[in-house]
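Numbering (the working numbering), first residue to last: 177 to 469.
The beta-carbon is built from N, C-alpha and C at its ideal position, and this holds for glycine as well.
Quick notes on the structure that follows.
As structure tokens, then:
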């Protein structure tokens, strides 16, 4: 038996979500385990399937439409008309109209409808957990004539594209914050929860290491400036200059950051830097005391 699995991922720009793709893949696995040959109906940007407008409907014994809201409107009506002679199955759908008014499926296991509700099938999806990497970029610093900010951003983007990681944009600027953070505590709390950080900001580096999060520090100033000087001062080795960096070196650095050794070294560096900063406090407080005499 050949089955076509479709959903909102079968139409361009219809808001297909991670949950839609999870349910799609579950349905495919279940059908194949029952001996079905399965085609996935996909539209750009998704790949690895067929265009439902191009296939012969007579080549399928059934169509399974999976996940999401389902109502009597375009483009679903066009899809259903094309496969009107094929057995239709609805799986994990939210039926927007009462079933007595509209239900095109011969068999329906809905997520919710006018008659019942079931647990969302994404609960059964087993996805690999990928590293979560904070991306903390500085704005162009016009005070530095040798700034290479775009070059640094480009190499970071290549790094993220080449590795299966969940990249989280974090903005440390608080007068205008691009990621909705409002306080220093919110910024640091976000950074502290990352598996690793890649950053062109000094405080992106500092707040990562302070919390034992390995950081790939890229100094966006030609020849290196405050980021390189700080890393050399506190003994953090993963610092690069934007004018002297290659993709392979950056990839090796990321792999190291995601090891237990990398995290241990970040913790040790953070503790060492805290002690060094404590010495600055002592000297400052000594001067405060002396100036009051």
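*From this set, 311, 298, 238 and 327, which residue's C-alpha is nearest residue 283's C-alpha?*
For this step, residue 283 is matched to residue 107 along the chain shown. Of the listed residues, the one whose Cα sits closest to residue 283 is 238.
*If residue 386 sits next to residue 446, beta carbons under 8 Å apart, how far is it from one beta carbon to the other, in whole angstroms?*
Here residue 386 refers to the residue found at position 210 when the chain shown is read from its first residue. Here residue 446 refers to the residue found at position 270 when the chain shown is read from its first residue. Residue 386 to residue 446, Cβ: 5 Å. Contact.
*Can you list the beta strand (DSSP E) stretches of 3 or more residues lying completely in the stretch 350-438, in chain order?*
372-375, 391-395 and 415-417
*Which partner residues of residue 288 appear in the DSSP bridge assignment?*
Counting from 1 along the chain shown, the entry for residue 288 is found at position 112. For residue 288, which the question treats as bridged, DSSP gives the partners 270 and 293.
*Under 9 Å between the Cβ atoms of residue 374 and residue 397?*
The count along the chain shown starts at 1 and reaches residue 374 at position 198. The count along the chain shown starts at 1 and reaches residue 397 at position 221. Going by C-beta atoms, residue 374 is not nearer than 9 Å to residue 397.
*asked:* For residue 337, report the span of its alpha helix (DSSP H) as first-last.
replied: Locating residue 337 in the chain shown gives position 161, where the first residue counts as 1. Start and end: 325-338.
_the stretch 343-354 in contact with the stretch 268-279 per 3-pair CB rule at 8 Å_ = no
*Can the beta-carbon of residue 179 be found less than 9 Å from the beta-carbon of residue 215?*
Within the chain shown, residue 179 is the residue found at index 3, counting from 1. Within the chain shown, residue 215 is the residue found at index 39, counting from 1. Taking 9 Å as the Cβ cut-off, residue 179 and residue 215 qualify as a contacting pair.
_Which residue wins for smallest C-alpha separation from residue 364, given the options 354, 264, 416 and 389?_
The residue you call residue 364 lines up with position 188 of the chain shown. Ranking 354, 264, 416 and 389 by Cα distance to residue 364 puts 389 first.
*asked:* My parser needs the beta strand (DSSP E) runs of 3 or more residues fully inside the stretch 195-249; what are they?
replied: 213-216 and 238-246
*Using only alpha-carbon positions, find the residue among 432, 424, 400 and 409 that is nearest to residue 417.*
Counting from one through the chain shown, the residue named residue 417 turns up at place 241. Closest by alpha carbon: 400.
*Is the beta carbon of residue 377 less than 9 Å from the beta carbon of residue 421?*
One-based indexing of the chain shown puts residue 377 at position 201. One-based indexing of the chain shown puts residue 421 at position 245. For residue 377 and residue 421, no; Cβs fall outside 9 Å.
_Given this structure, state the Cα-to-Cα distance separating residue 380 from residue 193, to the nearest angstrom._
If you number the chain shown from 1, residue 380 lands on position 204. If you number the chain shown from 1, residue 193 lands on position 17. Each residue's Cα considered, the two are about 31 Å apart.
*Kindly give me the distance between the Cβ atoms of residue 383 and residue 367, rounded to whole angstroms, as I take these residues to be in contact under 8 Å.*
Your numbering for residue 383 matches position 207 in the chain shown. Your numbering for residue 367 matches position 191 in the chain shown. Indeed they touch by this definition, with Cβ atoms about 5 Å apart.
_Reduced DSSP category for residue 456 - H, G, I as helix; E, B as strand; rest coil_ = Walking along the chain shown from the start, residue 456 turns up at place 280. Helix at residue 456.
*Top-ranked residue by Cα proximity to residue 271, from 450, 252 and 337*: Within the chain shown, residue 271 is the residue found at index 95, counting from 1. Out of 450, 252 and 337, 252 has the C-alpha closest to the C-alpha of residue 271.
*So, is residue 289 buried or exposed, given that buried needs 16 or more other C-beta atoms within 10 angstroms?*
The residue given as residue 289 occupies position 113 in the chain shown. Buried.
*Going by the beta-carbon positions, is the gap between residue 227 and residue 218 smaller than 9 Å?*
By 1-based counting over the chain shown, the position of residue 227 is 51. By 1-based counting over the chain shown, the position of residue 218 is 42. Yes; because the gap between Cβ atoms is below 9 Å, this pair is in contact.
_Three-state secondary structure assigned by DSSP to residue 283_ = The residue you call residue 283 lines up with position 107 of the chain shown. Residue 283: strand per DSSP, three-state reduction.
_Pop quiz: residue 242 and residue 203 are said to be a contact at Cβ under 8 Å. What is the actual Cβ separation, rounded to whole angstroms?_
Here residue 242 refers to the residue found at position 66 when the chain shown is read from its first residue. Here residue 203 refers to the residue found at position 27 when the chain shown is read from its first residue. Confirmed, about 5 Å.
*Closest by CA to residue 299, which one among 268, 414 and 394?*
Numbered from its first residue, the chain shown carries residue 299 at position 123. When only C-alpha atoms are compared, the closest one is 268.
*Check the C-beta distance from residue 410 over to residue 448 and give it rounded, since I have them as a contact under 8 Å.*
Counting from 1 along the chain shown, the entry for residue 410 is found at position 234. Counting from 1 along the chain shown, the entry for residue 448 is found at position 272. That belief holds up - the Cβ atoms of residue 410 and residue 448 are roughly 6 Å apart, short of 8 Å.
*Measure the alpha-carbon distance for residue 372 versus residue 205 and round it to whole angstroms.*
To locate residue 372, count along the chain shown from 1; it is residue 196. To locate residue 205, count along the chain shown from 1; it is residue 29. Their backbone Cα atoms lie some 34 Å apart in a straight line.
*Give the range of the alpha helix (DSSP H) segment to which residue 258 is assigned.*
Within the chain shown, residue 258 is the residue found at index 82, counting from 1. Looking at the DSSP string, the run of the alpha helix (DSSP H) that includes residue 258 is 252-258.
*Which residues in the same chain as residue 293 place their Cβ atom closer than 8 Å to its Cβ, once the five residues preceding and following it in sequence are excluded?*
Here residue 293 corresponds to residue number 117 of the chain shown, with the count starting at 1. Cβ within range, chain order: 286 and 287.
*asked:* Buried or exposed, going by whether 16 or more other CB atoms sit within 10 Å of the CB of residue 314?
replied: As a working note, residue 314 is residue 138 in the chain shown. Looking at its Cβ environment, which holds 16 or more other Cβ atoms inside 10 Å, residue 314 is buried.
*Whole-angstrom distance between residue 406 and residue 191, CA atom to CA atom*: As a working mapping, residue 191 is identified with position 15 in the chain shown. As a working mapping, residue 406 is identified with position 230 in the chain shown. Approximately 44 Å, taken between the alpha carbons.
_Which residue marks the beginning of the beta strand (DSSP E) containing residue 303, and which one marks its end?_
In the chain shown, the residue the question calls residue 303 occupies position 127. From DSSP, residue 303 is part of no beta strand (DSSP E); its letter is neither H nor E.
*Please look up how many angstroms separate the CB atoms of residue 255 and residue 233, rounded, as I've assumed it's under 8 Å.*
Indexing the chain shown from 1 puts residue 255 at position 79. Indexing the chain shown from 1 puts residue 233 at position 57. Not really, about 10 Å apart at Cβ, beyond 8 Å.
_Let's see if you can read the secondary structure: which residues bound the beta strand (DSSP E) around residue 181?_
The sequence position of residue 181 within the chain shown is 5, counting from 1. Where residue 181 is concerned, the enclosing beta strand (DSSP E) stretches over 178-183.
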